[in-house]
Ligand code: NDP
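In this note's numbering, the protein residues as written are 447 to 739.
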């Protein structure tokens with residue numbers, strides 16, 4: 447078994463991005479600029495946004511964090527989005543989800559200009575992904591693709607089972623794995639909560655991608671010997687033996703499954719670390735006008 451080491455790969459990708467920023471500046475361009483919009487004080491959202499901003503600094507991007515109180519109205523937030531859409535000095539921006547209940551997340555996502563939607567959530571970008579056109583692929587699926595690519599995982603003609611059909615992970619990674627690309631060209635099955643015989647279907651997978659949000663759900667008897675296992679799930683489990691009081695686990699029972707797998711992503715240290723790299727890669731593409739010109 448070999449680990450698909452998100453820490454190692456993300457360090458490499460960050461170095462590659464930093465190098466590209468240096469080249470851009472040498473050609474007289476400004477550094478790519480990412481803006482993060484944070485509404486309210488949700489602890490997890492703060493952590494994610496702070497990490498995104500910190501990583502911008504690491505690769506030499508400009509970044510701006512815009513904070514708004516929980517009671518910002520939907521209209522006011524839409525105005526913020528419009529201003530960011532029109533600002534030529536901003537290459538991309540994200541509105542950190544979840545938003546307070548009185549704001550319709552779908553309306554906000556739709557208001558973001560597709561050219562600046564570096565999260566890849568706008569229907570235009572999802573549509574382009576489906577059609578195989580250049581697009582901003584959402585961060586987690588792009589992170590999975592990058593890690594498979596770096597480890598030269600052969601996906602062509604393989605059976606790929608994706609557990610989970612969310613708009614941000616399961617569905618886009620399943621689409622990407624069907625495409626005539628590398629990684630891609632797999633024969634893909636998507637599973638969800640209504641799937642019958644999940645265990646048997648998972649056990650047919652040469653490549654098993656799990657994004658179900660159920661801690662340590664996938665056990666060894668659900669995995670084919672030699673499978674490549676990508677675990678997207680991330681959960682805090684109370685653990686008194688840790689200083690923090692918790693440990694992180696994925697959707698896969700790692701200790702059982704790892705000895706059976708040929709490659710597996712650990713949690714932490716797997717897919718999660720790739721997610722921020724993907725956001726930066728999308729922002730770089732925007733700055734270089736690679737998707738929309
Ligand atoms: P969602 O809750 O949006 O989707 C979960 C999916 O799993 C749904 O499609 C659901 O089916 C399916 N599912 C749930 N239970 C079962 C079951 N018993 N059998 C089969 N399918 C099931 O989650 P996300 O896609 O947003 O996230 C999945 C996990 O990945 C979470 O743990 C999340 O925290 C993590 N995550 C990690 C990221 C990272 O950077 N590492 C980024 C994003 C997410 P149905 O549609 O029928 O309800």
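Glycine included, each C-beta is placed from N, C-alpha and C at the ideal position.
With fewer than three CB-CB distances shorter than 8 Å, the segment 501 to 512 does not count as touching the segment 557 to 576. Nearest Cα to residue 657 within the set 614, 714 and 492: 614. Sequence-distant partners of residue 695 (beyond 5 residues in either direction) whose C-beta falls short of 7 Å from its own C-beta, in its chain, are 661, 662, 681, 683 and 713. In this model, residue 479 and residue 620 are separated by some 30 Å (Cα to Cα). In the structure shown, residue 519 adopts coil according to DSSP, grouped into three states.
In terms of Cα proximity to residue 731, the closest of 477, 451 and 458 is 477.
By DSSP's assignment, residue 635 forms a beta bridge with 607. Annotation: the continuous alpha helix (DSSP H) that includes residue 494 extends over 489 to 505.
Sequence-distant Cβ neighbours of residue 513 in its own chain, meaning closer than 7 Å and more than five residues away, are 484. Proximity to residue 718 across 589, 673 and 609 peaks at 589, based on C-alpha coordinates. Of the heavy atoms belonging to ligand 1, at least one sits nearer than 7 Å to the Cβ of residue 644. In the DSSP secondary-structure assignment, residue 614 is not bridged to any residue. In this structure, the C-beta of residue 723 stays at least 7 Å away from each heavy atom of ligand 1. In the DSSP annotation of this structure, the continuous segment of the beta strand (DSSP E) that includes residue 508 starts and ends at 508 to 514. The bridge partners DSSP lists for residue 448 are 709. Here the distance from the Cβ of residue 641 to the nearest heavy atom of ligand 1 is below 7 Å. Residue 632 sits away from residue 586, with the two beta carbons spaced by 8 Å or more. Counting only runs of 3+ residues, no beta strand (DSSP E) is found wholly inside the segment 540 to 598. When only Cα atoms are considered, residue 670 and residue 638 end up about 19 Å apart. For residue 703, the enclosing alpha helix (DSSP H) starts and ends at 700 to 703. Only residues of its own chain outside the window of five on either side were considered, and among them 450, 676, 677 and 717 have a CB closer than 6 Å to the CB of residue 711, listed in chain order. For residue 678, there is no enclosing alpha helix (DSSP H), since its DSSP letter is neither H nor E.
Shown here, residue 476 sits in coil according to DSSP, grouped into three states, outside any helix or strand. For the 8 Å CB-CB criterion, residue 723 and residue 459 form a contact. In the DSSP assignment, the residues bridged to residue 693 are 683.
At least one heavy atom of ligand 1 sits closer than 7 Å to the Cβ of residue 697. The beta-carbon separation of residue 674 and residue 707, rounded to 7 Å, stays under the 8 Å limit for a contact. A check of alpha carbon separations from residue 558 across 548, 569 and 641 identifies 569 as the nearest.
Residue 593 has its alpha-carbon roughly 17 Å from the corresponding atom of residue 625.
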